[in-house]
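Undergrad: Can you read through this structure? Questions will come right after.
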Amino acid sequence: MTELLSLSNIRAGYGESVVLQDLSLVVREGEMVCLIGANGAGKTTTTRVLTGLLKPWGGQVAFAGTPIDKIAANQRVELGVSLAPEGRQVFPNLTVNENLLLGSYSRRARPQRKRTLADVYELFPILASRRMQKAGLMSGGEQQMLAIGRSLMARPKLLVLDEPSLGLAPKIIVDVYRAIVQTAEQGVSILFVEQNVRAALSIAHRGYVLANGRIAFAGSAAELRNSKLVQEAFLAPRRTNQGPAPIKASPIGTQREGGCA
11 MTELLSLSNI
21 RAGYGESVVL
31 QDLSLVVREG
41 EMVCLIGANG
51 AGKTTTTRVL
61 TGLLKPWGGQ
71 VAFAGTPIDK
81 IAANQRVELG
91 VSLAPEGRQV
101 FPNLTVNENL
111 LLGSYSRRAR
121 PQRKRTLADV
131 YELFPILASR
141 RMQKAGLMSG
151 GEQQMLAIGR
161 SLMARPKLLV
171 LDEPSLGLAP
181 KIIVDVYRAI
191 VQTAEQGVSI
201 LFVEQNVRAA
211 LSIAHRGYVL
221 ANGRIAFAGS
231 AAELRNSKLV
241 QEAFLAPRRT
251 NQGPAPIKAS
261 PIGTQREGGC
271 A
């Protein structure tokens, strides 16, 4: 499979604080890849670097074989990189429909805005039924669906999700993860950051474990599940942040390129 995104030997941080140290990872076309780790491991910093919101101190970010280190975040959206950030960050005083349309500002997305909007409403029927409701009146789970839907309005080739299950009830996690799988089946590559490791490994093809700004382990979802490191750190019974996500990843294969449908 062709590499879509690659981060090579990334060093990054804030001020004098080093967060990422020689981090390297790859997302190939058609893959769902999870990045797991504890709070403070550097997961969100990784998403900020690859989407252009944070300039790395060293290393290289490449998309579809082209270095994009010097390309601004909005230009990366034009290339096909879209982020659904941690904390949802919807506009509470705008309607669901207005929030979604804000995601289609790019030249890449505008020509197919109407079709993509219909696709998002099909993916998240609850949004369709509340399209004229203000986003601030929605539940946390509905706002998460809205945030993902807005990122899909950009018609990405790569969708980056930062903690998509954070703070959600188990039933809502199932709904959100089902939508992620359906999006991948339409040809969108997925990189998602999670603390909910059990759920993440139920759908991911591959994964990376991030610890102290470095990749501590990498492999297939099965290899991560069987890893003593992952079992002891994330899958032990004492942990309570793992809601059910009984959804299986479909085989990588006949997906279409880009877009929500």
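Throughout, our numbering is defined as the position within the sequence shown, counted from one, plus 10. Ideal Cβ positions, reconstructed from N, Cα and C, are used throughout, including at glycine.
So Phe-244 is in the alpha helix (DSSP H); what residue range does that whole segment cover?
TA: 238-244
Undergrad: Whose C-alpha, out of Arg-125, Asp-185, His-215 and Leu-60, is nearest the C-alpha of Gly-40?
TA: His-215
Undergrad: Less than 8 Å separating the beta-carbons of Val-240 and Val-207?
TA: yes
Undergrad: Below 7 Å CB to CB, which residues in the same chain sit around Ala-74 once its five sequence neighbours on both sides are set aside?
TA: Leu-14
Undergrad: Mapping DSSP to helix, strand and coil, what is Thr-12?
TA: In the structure shown, Thr-12 falls within a coil segment according to DSSP collapsed to helix, strand and coil.
Undergrad: Which of the three DSSP states is assigned to Glu-132 in this structure?
TA: Secondary structure of Glu-132 (DSSP, three-state): helix.
Undergrad: Any idea which residues DSSP pairs Val-100 with across the strands?
TA: Answer is none; Val-100 lacks a bridge partner.
Undergrad: For Pro-174 versus Val-198, is the C-beta distance shorter than 8 Å?
TA: no
Undergrad: What residue range does the alpha helix (DSSP H) around Met-155 cover?
TA: 150-162
Undergrad: Kindly indicate which three-state DSSP category Val-198 falls into: helix, strand or coil?
TA: coil
Undergrad: Name the two residues that bound the continuous beta strand (DSSP E) containing Ser-230.
TA: 224-230
Undergrad: So what's Lys-144 in DSSP terms, helix, strand or just coil?
TA: Strand, per DSSP.
Undergrad: Taking a contact to mean a Cβ-Cβ separation below 8 Å, would you say Ala-22 touches Val-59 in this structure?
TA: yes
Undergrad: Taking buried to mean at least 16 other C-beta atoms within 10 Å of its own C-beta, is Asp-32 buried or exposed?
TA: It counts as exposed.
Undergrad: Given a threshold of 16 other Cβ atoms within 10 Å of its Cβ, counted over all protein chains shown, does Pro-256 qualify as buried or as exposed?
TA: Caution applies to Pro-256, whose pLDDT of 34 falls short of 50 and renders its modelled position unreliable; the model cannot decide the point.
Undergrad: Going by beta-carbon coordinates alone, are Ala-164 and Ser-92 separated by less than 8 Å?
TA: Yes. Within cutoff.
Undergrad: Alpha helix (DSSP H) containing Ser-116: first to last residue?
TA: From DSSP, Ser-116 is part of no alpha helix (DSSP H); its letter is neither H nor E.
Undergrad: Can you check whether the CB of Asn-109 is closer than 8 Å to the CB of Leu-156?
TA: yes
Undergrad: Can you list, in chain order, the residues of its chain with a C-beta nearer than 7 Å to that of Phe-134? Leave out the 5 residues immediately preceding and following it.
TA: The beta carbon of Phe-134 is closer than 7 Å to those of Met-155, Gly-159 and Ala-189 in its chain, skipping five residues each way along the sequence.
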